[in-house]
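One structure is given here, and the rest of the page talks about it.
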Amino acid sequence: MSKRVVCPVEYHIPVEYQDIFAIIRSMLSILDREQFEEIVQLMESMLNQEFLALRRSVKRNFRPFSCGAKGQPLMTRVGKGLPLKNDMDTRELSFVDDVIQLMVRARFHILDVHTYTLACGERFLFQLPVAPNWDYFDKKLLQRYWHSSTVRRRMRLLLPDEVADNCLVFHRGVKVMSDSGLYINEKIELLLQYTVVWLVAKVWGFVCASAARLAALARRLVLRRPAPPPKSPPRQQQQQQQQREQ
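Numbered according to UniProt numbering, the sequence shown spans residues 1 to 246.
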């Protein structure tokens, strides 16, 4: 069995923060360790402040679009008027930019043309391809976002045309793998699926259909059964008995 694996450069290396801190600290002298810890605390404070500012910006720009949602009061009930159309358009673009910045801070990368080509080069022998219906996507928002500044227009040139105007796709690394061989386990699973599982489903469907037909036939027989003759009143029975005795 032969295998060929094609991978791009690893974008994200999952290394714990404590491991990096311990390795660097062990390489320093005792006097330098105190200064190193102070620098690390300063960097952590700056990163936390930037993250909190970005989080507040995401909430502020999304607040006009969440009015009336569960737990969200209407803006008119808290003493604010309804936002204007220009303000809503600006908030939309700012919210998209905040989402991109938030994903970048989380070590995600937006899908570019090179990575998209590698992802489409995958060969799945036992899986069906997925074709999104792009007609259901709103293209106006992202088109306005990409054309709102020069930097964003340059960024748009790096993204695949099939995805860029429809949705934002982020990843931490795409690994494309091509494999060839006997695939014994996969073939056994397919064989069981198309024989045993299919046969059991057919038998169960036949049993259910037969039970339904028998129930319907029993209801029809009950309805067609003749009614018993009416019983005579007690006085009539006594008179008939006296007439027989005479």
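All residues carry an ideal CB built from backbone N, CA and C; glycine is no exception.
query = In chain order, what residues of the same chain lie with their CB nearer than 7 Å to the CB of R211, ignoring the 5 residues before and after it?
reply = Position 211 of the sequence shown, counting from 1, holds the residue named residue 211. Contrary to the premise, residue 211 reads as Ala rather than Arg in this sequence. Excluding residues within five positions, none has a Cβ falling inside 7 Å.
ask   = For the stretch 126 to 153, which segments carrying the alpha helix (DSSP H) assignment without a break, of at least 4 residues, lie completely within its bounds, in sequence order?
value = 140 to 146
inquiry  = What residue range does the alpha helix (DSSP H) around C120 cover?
reply    = Numbered from its first residue, the sequence shown carries residue 120 at position 120. Start and end: 113 to 120.
inquiry  = Does the structure place the stretch 48 to 57 close enough to the stretch 91 to 106 that three or more beta carbon pairs sit under 8 Å?
reply    = yes
request  = Would you be able to state if there are at least three C-beta pairs under 8 Å between the stretch 130 to 137 and the stretch 183 to 200?
outcome  = no
8 Å CB neighbourhood of R33 in its chain, flanking five on each side removed = Here residue 33 refers to the residue found at position 33 of the sequence shown. Correct list, in chain order: R25.
inquiry  = Residues in the same chain with beta-carbon distance under 7 Å from F21, minus the five sequence neighbours each way, listed in chain order, please.
reply    = Position 21 of the sequence shown, counting from 1, holds the residue named residue 21. Cβ neighbours of F21 beyond the five flanking positions: V40.
inquiry  = At the level of alpha carbons, what is the spacing between F137 and L168?
reply    = Here the question's residue 137 lines up with position 137 in the sequence shown. Here the question's residue 168 lines up with position 168 in the sequence shown. Going by the C-alpha atoms only, they are around 12 Å apart.
ask   = What three-state label does DSSP hand F21 in the structure shown?
value = Reading the sequence shown from its first residue, position 21 is the one you call residue 21. F21: helix per DSSP, three-state reduction.
task = Give the secondary structure of F170 by DSSP, where H, G and I count as helix, E and B as strand, and everything else as coil.
result = Position 170 of the sequence shown, counted from the start, is the residue given in the question as residue 170. If DSSP states are grouped into helix, strand and coil, F170 belongs with the strands.
inquiry  = Would R154 and Y145 be called neighbours here (beta carbons separated by less than 9 Å)?
reply    = As a working mapping, residue 154 is identified with position 154 in the sequence shown. As a working mapping, residue 145 is identified with position 145 in the sequence shown. Contact: no.
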